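Peer 1:
Residue numbers (this note's numbering): 720 to 1019.
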């Protein structure tokens, strides 16, 4: 059982499918489940059924004094569902018991985003005379300008950029093709990066990916997080900043400036409008705060 866990975690690293924190969460969730299985006398993952999955979730809640949050349980189930998918694809189990589990209802949380001023400070924190600084500026400005996920920007290829007509055309999450426009200033920076900056990296000629690390190899999601952590500190943003916040900021700022909800849905690549509507709650809350502040004098 141990070797299957190690092989799965290695597979995640090789695929660059998540951050260091994501990989650590996978490891904790799977090893915790493995320990439970051993306590129950289960010595092979293929011997786990839906009934034992329910027992495990009950065990987790009992082990916590206050009970686990729905979001924590959902994450643990997601980790184990992915692990069992991996085992099933390699014929190491005959079914995935976590796929038969009813979805865990979670309270919807409003997305974290950067204020416009914070976003500008972040982008302005990079030294454009330095090749890494220029790359980083283009990387994060493109993520913000196009609402890209970290998995999308690290997988973006040169031939998926139409520099003349100013749009990206790529396959995003769920294997759905997306077309996203960008503005002239972004066009200028992208052209300069691709023509003058990217060729300075030694291995960049060996692959088609737009964004590269210090060796010129494809930049990974964890590499993006590392750069962003340092940039947020330089910009004086005193809270945790993660790459998806740039996508949240893109949507929130568009709606703040009067963009149509369905247009934002299309740009984000959301299949359902309800997924996009959560951003309207953010803008409504900000609108209410502005209203209350404006009418403070009337209360006196």
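Just so you know, even glycine gets a beta-carbon here, dropped at the ideal spot from N, CA and C. Since this is a predicted model, take the numbers as computed values, not measurements.
From this set, 749, 956, 830, 897, which residue's C-alpha is nearest residue 995's C-alpha?
Peer 2: Cα-wise, what sits closest to residue 995 is 830.
Peer 1: If contact is defined by three or more beta carbon pairs under 8 Å, each pair taking one atom from either stretch, is the segment 964 to 974 in contact with the segment 863 to 877?
Peer 2: Contact holds: three or more Cβ-Cβ distances are below 8 Å.
Peer 1: Take residue 954 and list the residues in its own chain whose beta-carbon comes closer than 6 Å to its own, dropping the five residues that flank it on each side.
Peer 2: Result list for residue 954: 840, 841, 844, in chain order.
Peer 1: Going by Cα to Cα distance, which pick from 792, 767, 781 is closest to residue 806?
Peer 2: When only C-alpha atoms are compared, the closest one is 767.
Peer 1: Output the distance between the C-alpha atoms of residue 913 and residue 891, rounded to the nearest integer angstrom.
Peer 2: Distance between the alpha carbons of residue 913 and residue 891 is about 22 Å.
Peer 1: Out of 956, 927, 936, which has the shortest C-alpha to C-alpha gap to residue 921?
Peer 2: It is 936.
Peer 1: How is residue 845 classed by DSSP in three states: helix, strand or coil?
Peer 2: The answer is coil: DSSP assigns residue 845 none of H, G, I, E or B.
Peer 1: Give a yes or no on contact between the segment 723 to 733 and the segment 767 to 782, applying the rule of three or more CB pairs nearer than 8 Å.
Peer 2: As far as the Cβ criterion goes, the segment 723 to 733 does not touch the segment 767 to 782, which means the pair count is below three.
Peer 1: Based on Cα-Cα distance, which residue from 850, 951, 902, 963 lies nearest to residue 836?
Peer 2: When only C-alpha atoms are compared, the closest one is 951.
Peer 1: Tell me whether the beta-carbon of residue 744 lies closer than 8 Å to the beta-carbon of residue 798.
Peer 2: Yes.
Peer 1: In the structure shown, what three-state DSSP assignment does residue 788 receive?
Peer 2: In the structure shown, residue 788 sits in coil (DSSP, three-state: anything other than H, G, I, E or B).
Peer 1: Inspect the CB distances between the segment 875 to 889 and the segment 936 to 949 and report whether three or more fall short of 8 Å.
Peer 2: The segment 875 to 889, when compared against the segment 936 to 949, does not touch it at the 8 Å Cβ threshold.
Peer 1: So what does residue 887 bridge to, in DSSP terms?
Peer 2: Beta-bridge pairing links residue 887 to 880, 899.
Peer 1: Please look up how many angstroms separate the CB atoms of residue 916 and residue 853, rounded, as I've assumed it's under 8 Å.
Peer 2: About 5 Å separates the two Cβ atoms, so the contact holds.
Peer 1: Please state whether DSSP places residue 868 in a helix, a strand or coil.
Peer 2: Coil at residue 868, not helix or strand.
Peer 1: Here's the rule I'm using: 16 or more other beta-carbon atoms within 10 Å means buried, otherwise exposed. How should residue 873 be labelled?
Peer 2: Looking at its Cβ environment, which holds 16 or more other Cβ atoms inside 10 Å, residue 873 is buried.
Peer 1: Using the three-state DSSP reduction, which class does residue 812 fall into: helix, strand or coil?
Peer 2: Residue 812: coil per DSSP, three-state reduction.
Peer 1: Between residue 889 and residue 871, is the Cβ-Cβ spacing less than 8 Å?
Peer 2: Against a cut-off of 8 Å, the Cβ pair of residue 871 and residue 889 comes out as a contact.
Peer 1: Grab the span of the alpha helix (DSSP H) containing residue 939 for me, first residue to last.
Peer 2: Run containing residue 939: none; DSSP gives neither H nor E here.
Peer 1: Could you tell me which of 896, 1000, 796, 809 sits nearest to residue 819, measuring between CA atoms?
Peer 2: Looking at the Cα atoms, 796 is the closest of the given residues.
Peer 1: DSSP state of residue 931, grouped into three classes?
Peer 2: Here residue 931 sits in strand by DSSP.
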